[in-house]
Amino acid sequence: MPGTSDSTNTRGPAPAKPSFPWWLVGILGGGLLIVVGVVAAFFAKGNPLPGLGAFCAQQEPRCREGLVCSENNLCLGAEGFECSSGDECASHECVQGACLTPVSGPGGPCDEDVDCARPTVCEADRCLLPDGLACTDADLCRSGRCERSRCAPRLAPGGTCQENTDCAEPARCLDGRCLLPDGAPCTRAELCDSGRCEKGTCQAPVGLGEPCTTDRNCREPTRCHQGLCLRPDGTECKSAAQCISGHCDNGLCRTVVPPGGQCRQDGDCQFPTRCVQGTCQSRVSAGGFCRDTGECMPPARCSNNLCLLALGTKCGRDTECEMGNCERGVCRRGCTPPCGSGFSCDDGKCRRTIVVPVLRPCTADTDCTAPSVCSSGRCRKPSGEACSINEQCLSGGCVNERCR
């Protein structure tokens, strides 16, 4: 009927979507690789690596096998490359139909002996001449010595030298001679720097105060002086015995100036001299004229322009003493007023002087002065004669200054 529909509109299932053809991508990719390979092979065959003499870039040095890119940006033959002239070789050396790497002559750079032209050898990265070959410069010799236009061997210990390179190791050049250092084997002391060879080995120098025969025996800064290692002027000291000069002043060894020498201060002068107007002069002995105590020989001191000795000081005469009295070799107090005849001053007191007479020796009376006679080998006086001691009298007694 119109306006109605009794029939039902039915549809079948929707058709499935077709899948992506990945197999086709694989075929196309493989084909592309084949094409690229063919093209690459074509270009490789048509554009080979640069050949002999062709231009090349140092930044990307690609040349055919057997060639290298030279400094001139040309592909030239490497070592061993067959050649007809040096122009075909990077080394510019074509020897017997093959490129050869050039070798260095004397003084040239090297890494090993093969880099050097024979007979030079490689040492310290330089090609040097061995001993016995002709030379013009010591620097070209392996030994560092060119003597009479020939490379000479280094000197043995004891040889005359000018620098360390003149000496065979381990010796070194000291004071014009090749000498061995401490610890090196030795046969004689004079071959050692220290001058000491003991038990076949160079020994270290000895220290302050140790026995020596030469300066080389002594450890710095000491020097050998009269068989001992002592300190020279200007070096530190603790006593005069440590110094060669025999003088240690304010902790330093110093040479003293002899009489008559120039000086700046008293300490510069040899004792007992002193520095007077720039010259070391002798000091004034006791009793002599002076201007200040420094001019006097100690222990004298300047008093009233005379160098005089104090009480209790040893003396030789009265004029040396401050008190003007030298008794029995010692300055003592004087006597005021002075003592009279027959008296002497004894430490400020006048005491009678006793004179002990000397009896004349004899063998007979004729040896004596009359009235004395010879008795017991001495001249003696008879009774009543003047005497001072009993021994003067024949009787053996002296009473009231008369023989009894």
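For the sequence shown, position 266 (counting from the first letter as 1) is numbered 387 according to the numbering used here, and the numbering increases by one without interruption. Where a beta carbon is used, it is the ideal one built from N, C-alpha and C, also for glycine. Note that this is a predicted model, so its numbers are computed, not measured.
- [ ] Could you check how far apart the C-beta atoms of C500 and C483 are, in whole angstroms? I think they sit under 8 Å.
- [x] 5 Å
Task: Whole-angstrom distance between Q217 and L197, CA atom to CA atom - done: 17 Å
Task: Environment of S406 [buried if 16+ CB atoms lie within 10 Å] - done: exposed
Task: 8 Å Cβ shell around N426 - same chain, five flanking residues per side excluded - done: F410, C411, R412
Task: Cα-Cα separation between V479 and C442, rounded to whole angstroms - done: 31 Å
- [ ] Rank V242, M418, V378 by C-alpha distance to the C-alpha of G399 and give the top, closest one.
- [x] V378
Open item on the list: Less than 8 Å between the C-beta atoms of C436 and G450, yes or no?
Closed with: yes
Task: Where E522 falls: helix, strand or coil (DSSP) - done: coil
Open item on the list: Just verifying my parser: in three-state terms, what is the DSSP assignment at G469?
Closed with: coil
TODO: Would you mind stating whether C248 and C262 have Cβ atoms separated by less than 8 Å?
DONE: no
Open item on the list: Following a CB-centred definition, is G399 positioned closer than 7 Å to any heavy atom of the ligand ADP?
Closed with: The ligand ADP is absent from the structure shown, which contains no ligand whatsoever.
- [ ] Go to V397, then tell me how far its beta strand (DSSP E) extends in each direction, as first and last residue.
- [x] 395 to 397
Open item on the list: So, with DSSP's three-state summary, where would you put E268?
Closed with: strand
Open item on the list: By the DSSP assignment, the beta strand (DSSP E) with H346 in it spans what residues?
Closed with: 344 to 346
Open item on the list: Between which two residues does the beta strand (DSSP E) holding G198 run?
Closed with: 196 to 198
Open item on the list: Between the alpha carbons of A219 and E186, how many angstroms are there, rounded?
Closed with: 15 Å
Task: Assumed close pair L300, C313 - CB separation to whole angstroms, cut-off 8 Å - done: 6 Å
TODO: Report the option in S315, D370, R454 whose CA atom is closest to the CA atom of C350.
DONE: S315
Open item on the list: According to DSSP, F464 sits in a beta bridge with which residue or residues?
Closed with: R473
Task: Neighbourhood of E416 by C-beta distance below 8 Å, restricted to the same chain and skipping five residues each side - done: R395, V397, R404, V405, C423, C428
Open item on the list: So, for S205: in the same chain, excluding its five sequence neighbours on each side, which residues have a beta-carbon less than 8 Å away from its beta-carbon?
Closed with: C215, G218
Task: Range covered by the beta strand (DSSP E) that runs through V327 - done: Taken as a continuous stretch (DSSP letters only), V327 belongs to no beta strand (DSSP E), as it is neither H nor E.
Task: Three-state secondary structure (DSSP) of L301 - done: strand
Open item on the list: Do D252 and C272 count as a contact pair if the criterion is CB distance below 8 Å?
Closed with: yes
Open item on the list: To the nearest angstrom, how far is the alpha carbon of L295 from that of C345?
Closed with: 17 Å
Task: Contacting residues, own chain, Cβ-Cβ under 7 Å from G388 (five flanking each side not counted) - done: D370
Open item on the list: Please state the DSSP three-state secondary structure of D336.
Closed with: helix
TODO: Would you kindly work out how many angstroms separate the C-alpha atoms of T322 and P302, rounded to a whole number?
DONE: 10 Å
- [ ] Taking Q391 and C401 to be in contact with their CB atoms under 8 Å, please state how far apart those CB atoms are, rounded to whole angstroms.
- [x] 7 Å
- [ ] Grab me the residues of C333's own chain with a C-beta within less than 6 Å of its C-beta, minus the 5 sequence neighbours each way, in chain order.
- [x] C339, C345, C350
TODO: Under 8 Å by Cβ, that's how I've got S366 and T376 pegged, so tell me the actual separation to the nearest angstrom.
DONE: 4 Å
Task: Residue environment, S128, which counts as buried when at least 16 other CB atoms sit within 10 Å - done: At S128, the pLDDT of 40 sits below 50, so the modelled position is not reliable; the number obtained from the coordinates is stated separately. With fewer than 16 other Cβ atoms within 10 Å, it is exposed.
Open item on the list: Under DSSP, the beta strand (DSSP E) around E214 begins and ends at which residues?
Closed with: Where E214 is concerned, there is no enclosing beta strand (DSSP E), given that its DSSP letter is neither H nor E.
Open item on the list: What would DSSP say about A219, mapped onto helix, strand or coil?
Closed with: strand
Task: E244: first and last residue of the uninterrupted beta strand (DSSP E) it sits in - done: 242 to 244
Task: Local Cβ density within 10 Å of D232, reported as buried at 16 or more and exposed below that - done: exposed
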